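If you want my numbering, it's the position in the sequence shown, counting the first as 1, plus 64.
Built from N, CA and C at the ideal position, the CB exists for glycine as well.
It should be emphasised that the depicted structure is a prediction, and the values quoted were computed from it without experimental measurement.
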Amino acid sequence: MIRSVVTGTGSALPVRRVSNAELAQEVDTSDEWIVERTGIRFRHIAGPDETTATLATDACKAALAAAGVLAVDIDLIVLATATPDQTFPSSATKVQAALGIPDCVAFDVAAVCSGFLYAVQVADAMLKTGLHAKALVIGAETFSRILDWEDRATCVLFGDGAGALVLEARESADNVASPDARGILATRLHADGRHNDMLYVDGGPSTTGTVGKLRMKGREVFRHAVVNLAAVMQEVLDLAGLESHQVDWVVPHQANARILDATARKLGLPPEKVVVTVDQHANTSAASVPLALDTAVRDGRIKRGDLLVLEAMGGGFTWGAAVLRY
Ligand code: UT7
């Protein structure tokens, strides 16, 4: 059967790396509070010339090189972001232009922190129809531009960055337990708009006419995140016909180290199987899962044939998970 196989990963971070101690010089906070409550130690903050689209383009170049695929052979770009360069055109078309791809399908998806999981399911479905053969699936954000730097409860939590996958339609074994069953084995998405006011931006083109700033009821988001993420990971494993003990790596959305621990515990997964990058990157929203995946591929933790579960939850609420054999 045809499945969407990850043939390359890439990521990009802004040059400027900011420690908790540096942040504490500007914001009423401390390294101790941030590390204890979140596990975050550093975040990267975009400079004036670094944007969602430039970071995404750099991540794509790295992913294409890893896959051995030429940019001109890409026929689909799906870019997940809540912080596009402009309201329109889409950041996906900016990436297309920067990569010199003369013609393809290119669009953004907006599902905030779970945007990358939404992008993966959309691209996977489009590849499996046979309409497309080679896709770039991207999560890219510059949340530093929508943070209220006076609000210490949120501004210390986020960072900027981008991650990308090359997904290719390939022959893959039917039996999911077979090592030849490569690619995306199952995906599952959810949304519950009753929770819009838990995590949102207080502006936008159709309301205030301004960009607005991020607002979050952190405790409530935390509580929902643990319950929803554990549930959707179990759902996606059930859909694939696999069990949690078969999973080699969980690549979670990197919001808070305590959420990662609590979610893994609920599924009975040992912490050694969870890829953690929140200490280095903070919460990069839609970028966090592909950024963590690329980090773990490049440092040798994730190897070809490993069974991975990706998961994320964010504003909306939206949440989702995917299981794939790398
Ligand atoms: O990516 C989308 C998903 N987002 C998330 O998953 C975020 C989920 N939420 C969280 O990660 C946590 O709720 C936070 C890290 C945001 C907050 O942790 P918490 O343990 O829920 O703390 P809290 O908001 O209840 O605040 C506890 C105390 C408060 O002081 P009082 O009222 O107890 O005196 C805050 O004012 O910590 C204070 N506080 C801070 N202190 C120092 C809040 N932010 C800071 C700060 N530095 N940056």
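- With a 10 Å radius around the Cβ and a threshold of 16 neighbouring Cβ atoms, P354 comes out buried.
- In this structure, V315 sits away from A385, with a CB-CB distance that is not shorter than 7 Å.
- Note on the region 136–199: whole alpha helix (DSSP H) runs with a minimum of 4 residues are 155–163 and 179–192, in chain order.
- Under DSSP, M280 takes part in a beta bridge, and its partners are L263.
- Taking a contact as a CB-CB distance under 8 Å, the pair S352 and Q310 does not count as one, their CB atoms being some 24 Å apart.
- Per the Cβ contact rule, the region 151–161 is not in contact with the region 177–196 (fewer than 3 Cβ pairs under 8 Å).
- The nearest non-hydrogen atom of the ligand UT7 is 6 Å or more from the C-beta of N292.
- Runs of beta strand (DSSP E) with 3 or more residues, each lying fully within the region 311–370, are found at 313–316, listed in chain order.
- Taken through DSSP and simplified to helix, strand or coil, F381 comes out as coil.
- Inclusion of I202 and A135 in the CB contact set at 7 Å is not warranted, their separation being larger than that value.
- Here A294 carries a helix assignment [DSSP, helix/strand/coil].
- Secondary structure of G223 (DSSP, three-state): coil.
- DSSP places V275 outside any alpha helix (DSSP H), giving it a letter other than H or E.
- Closest in alpha carbon position to V99, among S83, V70, D113 and S270, is S83.
- For A76, the CB stays at least 6 Å from every heavy atom of the ligand UT7.
- I248 is bridged by DSSP to L388.
- Residue range T116 to A131 is occupied by the alpha helix (DSSP H) that includes A126.
- Where T73 is concerned, the enclosing beta strand (DSSP E) starts and stops at I66 to A76.
- By alpha-carbon distance to A174, the top candidate from L388, W383 and Y390 is W383.
- A buried status is given to Q344, since no fewer than 16 other beta-carbon atoms sit within 10 Å of its beta-carbon.
- Look at A110 here: in three-state DSSP terms it is coil, with no helix or strand label.
- Judged by pairs of C-beta atoms under 8 Å, the region 104–111 does not touch the region 173–188, as fewer than three such pairs exist.
- A distance below 7 Å between beta-carbons, with the five flanking residues on each side excluded, links G282 to the following residues of its chain, in chain order: A217.
- Here A356 has V315, Q318, V339 and T341 as same chain residues with Cβ atoms under 7 Å from its own Cβ, once five neighbours each way along the sequence are excluded.
- The beta carbons of C177 and G378 sit closer together than 7 Å.
- In this structure, A199 and A123 do not form a Cβ contact; the two beta carbons are roughly 14 Å apart against a cut-off of 8 Å.
- Residue range R80 to S83 is occupied by the beta strand (DSSP E) that includes V82.
- Shown here for A170: same chain residues with a beta carbon closer than 6 Å to its own, the five before and five after excluded, namely I141, A156, T157 and Q160 in chain order.
- A direct Cα-Cα distance of roughly 10 Å separates L163 from I138.
- Closest by C-alpha distance to L374, out of G380, P112 and V300, is V300.
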